[in-house]
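These notes are about the structure you will find just below.
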Amino acid sequence: MARWAIVIHGGAGVDPNLPEHRQEGAKRAKRVLARCLLDQLRAGATALDVVEAVVRELETDPCFNSGRGSALTRADTVEMEASIMDGRGRRCSAVSGVSTVRNPVSLARRVMGLPIP
1 MARWAIVIHG GAGVDPNLPE HRQEGAKRAK RVLARCLLDQ LRAGATALDV VEAVVRELET
61 DPCFNSGRGS ALTRADTVEM EASIMDGRGR RCSAVSGVST VRNPVSLARR VMGLPIP
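Be aware that the sequence shown starts at 1, since it is given in the UniProt record's numbering, and climbs by one per residue.
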């Protein structure tokens, strides 16, 4: 039987003034994502596909400090970073300072697939 280790991290830093209902919403979303990713893994999806899908959900959900919900810069703009790794293929990639992409993790994955010049 396959063994997995799963950690879902919903963003860097915690706003001490975050209302209780938003905290509960984030916890509930992480539980739903954990069940969903376990179901996908049990169905035979690759870890890389599952990780990208889960991070895309985190980037889209306003409860989390990621994607378009990222903390603003001093100039009140969003600058996002994302990285992704494929342990089986020993590949990785990242993007940094992106501001017009909805899901930076998917861009990082596309970069990983580009040929090395």
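Where is the CB? At the ideal position from N, CA and C, for every residue including glycine. Nothing here was measured: the structure is a model prediction, and the numbers come from that model.
Should Val98 and Met112 be called a contact, given that it needs their Cβ atoms to be closer than 7 Å?
no
CB Ser83 to CB Ala53, shorter than 7 Å?
no
What is the DSSP secondary structure of Gly69, counted as helix, strand or coil?
helix
Give me, in chain order, the residues of the same chain whose beta-carbon lies closer than 6 Å to that of Leu48; leave out the 5 immediate sequence neighbours on both sides.
Asp86
How many angstroms separate the CA atom of Gly69 from the CA atom of Val101?
12 Å
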